[in-house]
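Undergrad: Residue numbers (my numbering): 1419 to 1715.
Could you have a look at this structure, given as structure tokens, before my questions?
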Amino acid sequence: MSSTLTTPDRPTPAAPAEPAARFRDLVTAEWVKLWTLRSTYLIVVVTVLACIAIDVNAVHNDLTYIDHPFVPRGQLLRGATTSSRVLYDPLGSSLNKIARDLMMIAFGSLGAMTVFGEYSSGLVRTTFAAVPDRRSVVAAKLFVVVTVTTLAGLAISAISFFVTQGMLASRHLGLSIGSPGALQAVAAFALIAPVAAVVGMALAALIRHAAGSVIAVVGVLLLLPMFFGGDRYKLLKQIGNCMPLTALERLKIDPDPALHQDLGKYAPTITTAWTVLAAWALISAVVALVVVRRRDV
């Protein structure tokens, strides 16, 4: 009589768990996603070149008025002469307001694009399926966007400053980077780029729509401060002092009192201005992290 030998059932070994994605890997993935888009190259390169051209052209046009100062007719009647020297702000002219507005719109839109682009294309579902930890994904995206926009803002600010101050040096009006207020102005002008980008990311996380996000960037960064100007009402002015646009303008003011005899009754201090820029960046980053983590895709 034959007997059949049976072997006891052995438990099937569990498949090894896949290692969690490292933050470095997430940064690399976000970097690839950002630069895969042609619009990224277009926004960054065109914005850098256009802003530098605007700053240089502004100072180039000013050279004519520096050589041949214009004196209003009323001053001539009071005894001034056409050869009278006019006060000139080399910092405000080399870091032009038009270039500032273009930087804020362009880099704010770039930051928004990195968020609403994934939602509109549906790629965000694939991203979160591969990396369930949404906070890590958003943190990596923030790191990449801040790095790119900071470098772009620094290129605009530094090149504009050194080229225009070299032009003004021929009229004995140029500043060095060590001049009072110069380094502060260059740094603030450069940092407005990443601040605008992070604000754009937060707005895109809330709105999740391309046109709506870009309109919100323009409205919050450029239009909203217009409602809080003047010195008539202290509360409104203090609210306006909490806007990044107001903070930037305070930080790039030439410290020469002859150029800015009156900053207004409720002008923000230098410390307040730096705090405002840091607060907008930090709060916007937190909003992006919290909203993306809690809302459905």
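Glycine included, every Cβ here is placed at the ideal spot set by N, Cα and C.
1. What residue range does the alpha helix (DSSP H) around Arg1650 cover?
2. Kindly indicate which three-state DSSP category Pro1662 falls into: helix, strand or coil?
3. Between Val1477, Asp1480, Ala1623, Leu1572, which lies nearest to Val1533 when the distance is taken from Cα to Cα?
4. For Arg1440, count neighbouring C-beta atoms within 10 Å of its own C-beta (all shown protein chains included) and say buried if the count is 16 or more, exposed if not.
5. Return the first residue and the last residue of the alpha helix (DSSP H) that Ala1600 is part of.
6. Does the beta carbon of Ile1461 sit closer than 8 Å to a beta carbon anywhere in chain B?
7. Measuring alpha carbon to alpha carbon, tell me which of Met1585, Cys1660, Val1638, Ile1671 ends up nearest Val1604.
8. Got a sec, what are the start and stop residues for the alpha helix (DSSP H) Leu1541 sits in?
9. Find out if the Cβ-Cβ distance for the pair Ala1620, Leu1444 is shorter than 8 Å.
10. How about Val1477 and Ser1527: do their beta carbons lie closer than 8 Å?
11. With a threshold of 6 Å on Cβ separation, who are the neighbours of Tyr1537 within its own chain once the five nearest residues in sequence on each side are excluded?
12. Could you tell me whether the Cβ atoms of Ala1699 and Pro1643 are closer together than 8 Å?
13. Whole angstroms are fine: how far does the CA of Ile1595 sit from the CA of Val1638?
TA: According to the structure data:
1. Looking up residue 1650 in the sequence shown gives position 232. No alpha helix (DSSP H) contains Arg1650, which DSSP labels as neither H nor E.
2. The count along the sequence shown starts at 1 and reaches residue 1662 at position 244. In the structure shown, Pro1662 sits in a helix (DSSP, three-state: H, G or I).
3. In the sequence shown, counting from the first residue as 1, residue 1533 sits at position 115. When only C-alpha atoms are compared, the closest one is Ala1623.
4. Taking the first residue of the sequence shown as position 1, residue 1440 is located at position 22. That one is exposed.
5. Counting from one through the sequence shown, the residue named residue 1600 turns up at place 182. Looking at the DSSP string, the run of the alpha helix (DSSP H) that includes Ala1600 is 1600-1625.
6. Absent here is chain B; the protein component of the structure consists of one chain.
7. Here residue 1604 corresponds to residue number 186 of the sequence shown, with the count starting at 1. For Val1604, the nearest C-alpha among the options comes from Ile1671.
8. Within the sequence shown, numbered from 1, the residue matching residue 1541 stands at position 123. Start and end: 1541-1548.
9. Position 202 of the sequence shown holds residue 1620. Position 26 of the sequence shown holds residue 1444. Going by C-beta atoms, Ala1620 is not nearer than 8 Å to Leu1444.
10. As a first step, residue 1477 is located in the sequence shown; it is residue number 59 there, counting from the start. As a first step, residue 1527 is located in the sequence shown; it is residue number 109 there, counting from the start. Cβ distance not < 8 Å, so Val1477 and Ser1527 don't count as in contact.
11. Position 119 of the sequence shown, counted from the start, is the residue given in the question as residue 1537. So the qualifying residues of the chain are Arg1626.
12. Walking along the sequence shown from the start, residue 1699 turns up at place 281. Walking along the sequence shown from the start, residue 1643 turns up at place 225. It is not a contact, given that the beta carbons lie outside the stated cut-off.
13. Position 220 of the sequence shown, counting from 1, holds the residue named residue 1638. Position 177 of the sequence shown, counting from 1, holds the residue named residue 1595. Those two C-alpha atoms are separated by around 31 Å.
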